[in-house]
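One structure is given below, encoded as structure tokens.
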Amino acid sequence: GGGGGGRGRGGGGWSGPKGGDVQIAAPTQHVLEQSAVSINSRGDVRAQFTVNLPARGRTILGQKAADIFGRVVPEFVAGSLVYACHDGDALREHVLSVEDQGWLRDRLGESGLVAFVPDGAVLPRASGADDRPMGAGGGNVVKFESPPELRVSFDLPNGNRTVTGMGVRRGVTLIVGGGFHGKSTLLSALQLGVYDKIPGDGREFCVCDDTAVKIRAEDGRSVSSVDISPFISNLPFGKRTDDFSTADASGSTSQAGNIVEALEVGTRTLLIDEDTCATNFMIRDDKMMELVAAEKEPITPFIHRVRSLYEDRGVSSVLVIGGSGDYFDVADCVVMMDCYRCRDVTKRAKEIAASANGSSRPSAPVALRHDASSRLPFGSIVPRRPAGESFRPNGRAAVRSRSVVSYGDDVELDLGGLEQIVDVAQTNAISLALQRIAAMAAATRTGAGGANGTLRGILDGIEATLDGVEGLDALSPGEFHGGLARPRAYEIAGAANRLRREGSMVQER
57 GGGGGGRGRG GGGWSGPKGG DVQIAAPTQH VLEQSAVSIN SRGDVRAQFT
107 VNLPARGRTI LGQKAADIFG RVVPEFVAGS LVYACHDGDA LREHVLSVED
157 QGWLRDRLGE SGLVAFVPDG AVLPRASGAD DRPMGAGGGN VVKFESPPEL
207 RVSFDLPNGN RTVTGMGVRR GVTLIVGGGF HGKSTLLSAL QLGVYDKIPG
257 DGREFCVCDD TAVKIRAEDG RSVSSVDISP FISNLPFGKR TDDFSTADAS
307 GSTSQAGNIV EALEVGTRTL LIDEDTCATN FMIRDDKMME LVAAEKEPIT
357 PFIHRVRSLY EDRGVSSVLV IGGSGDYFDV ADCVVMMDCY RCRDVTKRAK
407 EIAASANGSS RPSAPVALRH DASSRLPFGS IVPRRPAGES FRPNGRAAVR
457 SRSVVSYGDD VELDLGGLEQ IVDVAQTNAI SLALQRIAAM AAATRTGAGG
507 ANGTLRGILD GIEATLDGVE GLDALSPGEF HGGLARPRAY EIAGAANRLR
557 REGSMVQER
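Using the numbering used here, you'd call the opening residue of the sequence shown number 57 and step up by one each time.
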């Protein structure tokens, strides 16, 4: 079978025979639908891996190749794919844990939550390059403990087990605290809570709304025909913002584009870390507004829209905020991270907000008003259509890394801003999905099948295909590709939106 890079064994040095490697895509801490190992409807286990045939110069070493297929591969199969070689109890616990995590994520909406963090979770990672839990090799780590005011419990369907932890409610939630106290660590756990985890990861049962999208500023990214007017207007020289395109977005225009693009494809939760945002996009305080006249400032800061996003569109926001107390006015809940320990400080934050607004009433309303945090209606989202020709790579598409795809002639697709891609196998699938967008856009333009040609409609079609019998194989028909993992529609959309080709999207008004 065919496969991408991953774990392997064998191989020779430059002075000896080459090849002999047996490679299969390596798993991660996240449980993803993937093509390396799968089970079909009949219960057959299928593994797709790569064998580099041994050779010396231009001569295939037949006896060594026969040994690989006659001895090495059967040994690998017997030691990995056969049930008897595994610890049956551990395997069963693995399956039940993953099932329970999915069940818990599905219960969030009906419980009025967008996320859940279990007591005892180990949120910090070993390092920026090692996604295993901190303390896996020994050492001290502070396990998560939920504030009593936000504590909720769920009875899991498998094993008569109850899990207790912090429920993050719908609305506007702030994560505050001093530097290096765990704010971004908590948000990072939430943004990856869209995936189940392997047992022992430390973040099992840390789950998030599966439509949640991490938002950040991306200086220099490409933007194509996005209506960013809810946030940006009155640009110099009359440049339009209701149909905005640029090959070199600023921090504020890129962040505005990221939010509107996420809303276009159906996100219900935005995750935002102040550290990776454009400051002028997030806040303008009263003093700055007094100095710079409103008609001279094209940016409507996010603080003016965050409540209307929830109240008018049902979109919640979870924000890490370390530098602007004005967000206290618009928050429903405020939690503080203090030495990796979480406390509910909503009441105190509201008292501070009330005092700053000249109110002597500690029980002042949740959404107090002053200029820096006044509420403005959000408006509508304009759907767009992919221009099919722009998505044809002309046979030249190659995944360079988890965040870089060479797509067509001289087009480098930078996915570094899509922080919820966790495996290069997902990037492989995204590259193939983009090529499918080209064909689907052409089909909808001719009316084939009555399909919806908007970006969201095409993504719904891709999701339906991946949910079908063929699964990921449908992305590479007739091939054996063992290096695929299923991406979310939001990351496929994010890649499509970052394609550096003029006119790649067209508004549908």
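Here a beta-carbon is modelled for each residue, glycine too, at the ideal position from N, C-alpha and C.
- With a threshold of 16 other beta carbon atoms within 10 Å, Glu317 meets it and is buried.
- Per the Cβ contact rule, the segment 301–313 is not in contact with the segment 244–251 (fewer than 3 Cβ pairs under 8 Å).
- Rounded to whole angstroms, the gap between the alpha carbons of Lys253 and Leu160 is 13 Å.
- Each of Ala177, Gly370, Gln157, Gly215 was checked against the Cα of Cys264, and the nearest Cα belongs to Gln157.
- Within 10 angstroms of the beta-carbon of Pro543 lie 16 or more other beta-carbons, which makes it buried.
- In this structure, Met496 is the residue among Met496, Gly294, Thr521 with its C-alpha nearest to the C-alpha of Gly509.
- Annotation for Gly517: the continuous alpha helix (DSSP H) segment containing it runs 511–522.
- For Ala412, no beta strand (DSSP E) run applies; the uninterrupted alpha helix (DSSP H) run containing it begins and ends at 402–412, by DSSP.
- In this structure, the beta-carbon distance from Gly444 to Ala498 falls below 9 Å.
- Taking a C-beta distance under 9 Å as the contact criterion, Arg404 and Pro203 do not qualify as a contact pair.
- In the assembly as shown, Lys239 is a buried residue. Its beta-carbon has 16 or more other beta-carbons within 10 Å.
- Just so you know, the alpha carbons of Asp368 and Leu432 end up roughly 10 Å apart.
- Per DSSP, the continuous alpha helix (DSSP H) segment holding Gly135 begins and ends at 129–136.
- Taking one beta carbon from each stretch, the segment 374–393 and the segment 216–231 have 3 or more pairs nearer than 8 Å; the two touch.
- Per DSSP, Arg440 is one residue of the beta strand (DSSP E) stretching across 440–442.
- Three or more Cβ pairs closer than 8 Å define a contact, and the segment 75–83 meets that threshold against the segment 120–131.
- DSSP places Lys120 within a helical segment (H, G or I) once states are collapsed to three.
- Rounded to the nearest angstrom, the Cβ distance from Asn484 to Leu540 is 5 Å, consistent with a contact under 8 Å.
- For the pair Gly538 and Thr356, the Cα-to-Cα distance works out to about 46 Å.
- Across the structure, Gln119 and Ala111 are spaced so that their CA atoms are roughly 10 Å apart.
- Beta-bridge annotation (DSSP): Arg207 is paired with Met222.
- A distance below 9 Å separates the beta carbons of Ser446 and Ala494.
- In the structure shown, Asp329 adopts extended strand secondary structure according to DSSP, grouped into three states.
- A Cβ-Cβ contact shorter than 9 Å links Ile486 with Val461.
- In this structure, His237 lies away from Cys389, with their beta-carbon atoms at least 9 Å apart.
- Here Arg272 is buried: its Cβ has 16 or more other Cβ atoms, across all protein chains shown, within 10 Å.
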